[in-house]
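Student: As they're listed, the protein sequences go chains A and B.
Per this note's numbering, the first sequence starts with residue 2, numbered consecutively.
Per this note's numbering, the second sequence starts with residue 159, numbered consecutively.
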Amino acid sequence: MSDEASPMSVRTLSYVDAIREATDREMARDASVLLFGLDVDDPKAILGTTQGLVAKYGPERVFGTPLSEDAMTGAAIGMALAGLRPIHVHIRMDFVMLAMNQLVNMAAKSSYMFGGQQHVPLVVRSIIGKSWGQGAQHSQGLYPFFMHVPGLKVVAPSTPYDAKGCMSAAVRDDNPVMFVEHRILYYRQGPVPENDYQVEPGRARIAVAGSDVTLVGISYMQLECLRAQRYLESVGVSAEVIDPIWLAPLDVDTIVASARRTGRLVVVDNGWTTCGAGAEILAAVGEACAGGPAPSMQRMGFAPVPCPTTPSLEAAFYPNARTIAACAYDLVHGGAQGWLPAERDDLKSIEFKGPF
Amino acid sequence: MNESAMRLHDAALVERLYRSLYRIRRVEEDIARRYPGNDIKSPVHLSIGQEAIAVGVCEALAPDDVVFGTYRGHAMYLAKGGDLDRMIAELFGRVDGCARGKGGSMHLVDVARGVMGTSAVVATTIPNAVGYAYAMKLRREPRIVVSFFGDGATEEGVFYESINFAALKRVPVLFVCENNGWAIHTHQRQRQATLDICGRVRAFGMDAQRIEDGDVFDIHGTVAAAAARMRAGDSGPLFIECMTSRWREHVGPGEDFELGFRSREDEARWIEDDAVAKLAALIPERQRAAVDAAVHAEIENAFTRAAASPFPDADELHRHVFHER
Ligand SMILES: Cc1ncc(C[n+]2csc(CCOP(=O)(O)OP(=O)(O)O)c2C)c(N)n1
Chain A
2 MSDEASPMSV
12 RTLSYVDAIR
22 EATDREMARD
32 ASVLLFGLDV
42 DDPKAILGTT
52 QGLVAKYGPE
62 RVFGTPLSED
72 AMTGAAIGMA
82 LAGLRPIHVH
92 IRMDFVMLAM
102 NQLVNMAAKS
112 SYMFGGQQHV
122 PLVVRSIIGK
132 SWGQGAQHSQ
142 GLYPFFMHVP
152 GLKVVAPSTP
162 YDAKGCMSAA
172 VRDDNPVMFV
182 EHRILYYRQG
192 PVPENDYQVE
202 PGRARIAVAG
212 SDVTLVGISY
222 MQLECLRAQR
232 YLESVGVSAE
242 VIDPIWLAPL
252 DVDTIVASAR
262 RTGRLVVVDN
272 GWTTCGAGAE
282 ILAAVGEACA
292 GGPAPSMQRM
302 GFAPVPCPTT
312 PSLEAAFYPN
322 ARTIAACAYD
332 LVHGGAQGWL
342 PAERDDLKSI
352 EFKGPF
Chain B
159 MNESAMRLHD
169 AALVERLYRS
179 LYRIRRVEED
189 IARRYPGNDI
199 KSPVHLSIGQ
209 EAIAVGVCEA
219 LAPDDVVFGT
229 YRGHAMYLAK
239 GGDLDRMIAE
249 LFGRVDGCAR
259 GKGGSMHLVD
269 VARGVMGTSA
279 VVATTIPNAV
289 GYAYAMKLRR
299 EPRIVVSFFG
309 DGATEEGVFY
319 ESINFAALKR
329 VPVLFVCENN
339 GWAIHTHQRQ
349 RQATLDICGR
359 VRAFGMDAQR
369 IEDGDVFDIH
379 GTVAAAAARM
389 RAGDSGPLFI
399 ECMTSRWREH
409 VGPGEDFELG
419 FRSREDEARW
429 IEDDAVAKLA
439 ALIPERQRAA
449 VDAAVHAEIE
459 NAFTRAAASP
469 FPDADELHRH
479 VFHER
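(1) What residue from 379/B, 186/B, 411/B and 352/B has the CA that sits closest to residue 67/A's CA?
(2) Suppose only complete runs of 3+ residues qualify. What are the beta strand (DSSP E) ranges in the region 177-256 of chain A, listed by chain order?
(3) Smallest Cα separation from residue 338/B: which of 330/B, 406/B, 327/B and 322/B?
(4) In chain order, what residues of the region 306-332 of chain A put their CB closer than 8 Å to some CB of chain B?
(5) Please return the same chain residues whose Cβ sits closer than 7 Å to the Cβ of residue 286/B, not counting the five positions on each side in sequence.
(6) Give the residues from the region 277-310 of chain B that approach chain A closer than 8 Å (Cβ to any Cβ), ordered along the chain.
(7) To the nearest angstrom, how far is the alpha carbon of residue 417/B from that of residue 207/A?
(8) Mind checking which residues open and close the beta strand (DSSP E) that includes residue 297/A?
(9) Are the Cβ atoms of residue 209/B and residue 191/B separated by less than 9 Å?
(10) Considering only the beta carbon of each residue, do residue 260/B and residue 470/B sit closer than 9 Å?
(11) To the nearest angstrom, how far is it from the Cα of residue 39/A to the Cα of residue 213/A?
(12) For residue 302/B and residue 329/B, I'd like the C-alpha separation in whole angstroms.
(13) List the residues of chain A whose Cβ lies closer than 7 Å to the Cβ of residue 341/B, in chain order.
(14) Would you call the region 169-182 of chain A in contact with the region 149-161 of chain A, where contact means no fewer than 3 C-beta pairs closer than 8 Å?
(15) What residue range does the beta strand (DSSP E) around residue 156/B cover?
(16) Counting only runs that start and end within the region 277-350 of chain B, where is the beta strand (DSSP E) found for 3 or more residues in a row?
(17) Kindly indicate if chain A contains any beta-carbon less than 9 Å away from that of residue 476/B.
(18) Give the straight-line distance between the Cα atoms of residue 247/A and residue 234/B, rounded to the nearest whole angstrom.
(19) Mapping the DSSP letters down to three states, classify residue 365/B as helix, strand or coil.
(20) Assuming residue 397/B and residue 366/B are in contact, meaning their beta carbons sit under 8 Å apart, how far apart are those beta carbons, in whole angstroms?
(21) Can you list the residues of chain A that residue 320/B reaches, using a CB-CB cut of under 7 Å?
(22) Is any beta-carbon of chain A found at less than 9 Å from that of residue 344/B?
(23) Tell me whether residue 482/B sits in a helix, a strand or coil according to DSSP, three-state version.
(24) If you run the structure through DSSP and keep just helix, strand and coil, what is residue 38/A?
(25) Just checking my contact of residue 131/A with residue 221/A at CB under 8 Å: how many whole Å lie between their CB atoms?
(26) Compute the Euclidean distance between the alpha carbons of residue 54/A and residue 313/B, then round it to the nearest angstrom.
(27) Assign residue 86/A to one of three DSSP states: helix, strand, or coil.
(28) Could you tell me if the beta carbon of residue 196/A falls within a distance shorter than 8 Å of some heavy atom in ligand 2?
(29) Scan the region 177-246 of chain B and note each continuous beta strand (DSSP E) run of 3 residues or more that stays entirely inside, going in chain order.
(30) Examine chain A for any beta-carbon lying closer than 9 Å to the beta-carbon of residue 471/B, and answer yes or no.
(31) Is residue 69/A helix, strand or coil when you go by DSSP?
(32) Using a threshold of 8 Å, is the CB atom of residue 454/B nearer than that to any non-hydrogen atom of ligand 1?
(33) Any heavy atom of ligand 1 closer than 8 Å to the Cβ of residue 133/A?
(34) Is there a Cβ of chain A sitting closer than 9 Å to that of residue 419/B, yes or no?
(35) Strictly under 9 Å for the Cβ-Cβ distance: is residue 96/A near chain B by that measure?
(36) Residue 395/B to residue 322/A, Cα distance in whole Å?
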C-alpha cells in the first residue's frame, strides 16, 4: 500500500465525491463493508457522499437507521466483532455525543481489555458544521475527546486527495477510526487519483514549504492556514504549512522538525484550545525540544464560548486567515505588531448560504 | 352534538384559538417569504401545518406551566406566549433577541412565559421536562410541564428512559408527540417496526391517547382534562400523540415535494383540512378582520424592530458562558 499514485489517472474531484468514491471502492472490494446511519439513503444522501450506494449495494449493506445513535453504535461494534466492517455516518459531530459510551467504553477498549482476542474495525464518520446560524449544538469540533482515548484513531482530512486516501485506510484499519469531516471542506476541489491508495495513519504532510514560521492547521483550519500563508508571503514572511491529517496517531516528528527549522509554531485548531489538539501538539513539540532551543509557540482556536449564531459574534468566534497571519507575523517580528492584513478577494472564505 | 362541536359555542375560546393559530401561521409564512432577503441568518424548521398542536396544548395551560421543545419550536414558543419581537430579533441575530442573538431559531427561550428553551439535538429536552416536573412534585406546586417532540424522537433511548422514570415517580409531565410521519425524509414506517407509539408508552404504565385528525378543539379539550388530572395530583404523567402534517421542507423556507420522497397528494387531506381556515370560518367576518389586522400590524412591527435592533457588541461574545447574577 502506498500513497503514491500515477499522475496519469488524476482527476479533479470535490471532497464529497472523493468520500463517495472511496466508500464505493471499498464496498466493491470487500463485501464485509457496510454503510449506515441516519439519512444515508435519503434523497440528499449525506450531502451527496452516499449518493447511489443503496442502488449499487442494496439495502442490506447500505441503510438509513432509526434515530438511535447509541444503539446503532453498539450494533456497529457487534457487527465488527462478527467480522463486518461498518461505516457509521453522523451528519453532525455533535450527535456523536449520544454514542460516547459505546465508543469510549467498548470500541476503544475491546482489543486491549480482551487481551487481543477481539478487535473492532469500525469507521465513524461525522461532519463539523459552520456558519449560517448553526450555533451551539451544530458546529462543534469535538475530535480532541477522541484523541484523548487510547484505542481510537482520529483522522481529519482537509483535501479531496486525503479524504479518499484516508477513507480507504480507515476502512481497511482493524481498529475504530473517527473520521472527521467539515461542512465547508465539502466545497473543496482537488486532484484525486482514480486508482486505490491509502493515506496511512501517522503521517503529516507539508502542504507548503517555508522558513520563517510553521503553521499547523487542523481540518477546515488548514484552508485558513493556506490563505494565511499567502497573506504572510505578501509581507515577506515565509510560512510552512503542515496538515497533520491524522490526529491519532499524530505525526509529531514532522511538526517538530519543521518548528525546529523555522523556530516558530502556530497551531490552529478547529475547536476550543483548552485540552485541544493544538494543546497536545504544542506539548509534544515542547517535550521533544526540552533541553535545547525551543520554538516560540502559539495556539489558536475557537473562542472559549459556545458557538454564537449571530454573524457579528461568529466572526470573532473563529480564527481566520487574517487573524492567523497576524499571529504568525507577531511571532516572527516579536511582540504585538498590530498588523492585520486587509481582506483580499482572492483569499476570502467561501460563505456558506443557508438553510443548512 | 359531540364535545368538540359544543365547544364551538364558547366564542371567546374560538377567537383565542383562531388568533393564536393565525398569528403563528402568518409569522412563519412571513419568515419564509423574507428568508431569501438574508436578514435571517439561521436555519428555520417551520411548523406550518402543525400549529394546531402547539395552540391546542398551550391554550389549555396556565401561564406558569412550562414547556420544553425542539428546533421546530416557533409555534410552541408563540403559543405559550413567547415574545414575538424578541423571537424575530433572535432570528435576525440581534442583541434584542430572546437569546441575545446567540441562539437563533433552534434555541428559542422565554422563561418568564414558561418557554424553557429548545434544543437542536433530537430528544434532548425530554428528560429535562421530566426533571422539571419532578421538582414541581417535590415542591407541591400545582404546575405542570409539557414536553414537545416528534415521532423520530421516540426512537432515542433517552425517550424510553425518560418515560420510565416519569411513570415511576408519577411526575406531572404531559408528553406531546407531534407525529408528522417524517424524520427529515424518512417515514416512520422505515424507522419503526410498529407504528403504535401509544401502545409502547402504555407498556411503561402511563395513559396514552392518540388524536387522529389534528382537531384543535380535541387537542385543547384533551389537554385541559389531562392538566386538571395532573394538577389534582392523581394521574402521574400522561402522553398524547397528535397526528399531523408538515407542509414545508424539514429545514428551510420551501417545500420538499420535488425531492420525490413524498407528494403533495400524500399530505392533501391535511392541507385541505387546514385548522386556520376552519377556525376562520367560525368567526364573524368583521371580528375576524379585526383579529387579522391586529396580527398583521404586530408582525410588521416585529420585523421592523428586529431590523432596527443592533447586532451584539464584541464583548457579548464572552458573556453568559457562566451564570451572571
Ligand atoms: C440526536 C440527533 N440525531 C439526529 C439529528 C438530525 N435530525 C434533526 S431533525 C431529525 C428528524 C427528527 O424527526 P422528528 O423527531 O419526527 O421531528 P420533526 O423534525 O419531524 O419535527 C433528525 C434526524 C439530530 N438533530 N439529533
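All C-beta atoms, glycine included, are put in the ideal place defined by N, C-alpha and C.
Tutor: According to the structure shown:
(1) 352/B
(2) 178-183, 190-194, 206-209, 214-218, 240-244 and 247-249
(3) 406/B
(4) 306, 307, 309, 310, 311, 312, 313, 314, 317 and 318
(5) 226
(6) Flagged, chain order: 277, 278, 279, 280, 281 and 310.
(7) 42 Å
(8) 297-303
(9) no
(10) yes
(11) 46 Å
(12) 9 Å
(13) 68
(14) yes
(15) Absent from the structure is residue 156/B, since the part of chain B shown begins at 159 and ends at 483.
(16) 303-308 and 331-337
(17) yes
(18) 44 Å
(19) Looking at residue 365/B - three-state DSSP - the assignment turns out to be strand.
(20) 4 Å
(21) Those within 7 Å of residue 320/B in chain A number zero; the least Cβ separation is about 14 Å.
(22) yes
(23) Residue state, collapsed to three classes: coil.
(24) strand
(25) 7 Å
(26) Looking at the backbone, the Cα of residue 54/A and that of residue 313/B are separated by about 25 Å.
(27) strand
(28) Ligand 2 is not part of the structure shown, which contains ligand 1 as its ligands.
(29) 224-228
(30) yes
(31) coil
(32) no
(33) Ligand 1 has no heavy atom closer than 8 Å to the beta-carbon of residue 133/A.
(34) Under the Cβ distance rule, residue 419/B counts among the residues neighbouring chain A, one pair being separated by less than 9 Å.
(35) yes
(36) Near 53 Å, if we compare the C-alpha coordinates of residue 322/A and residue 395/B.
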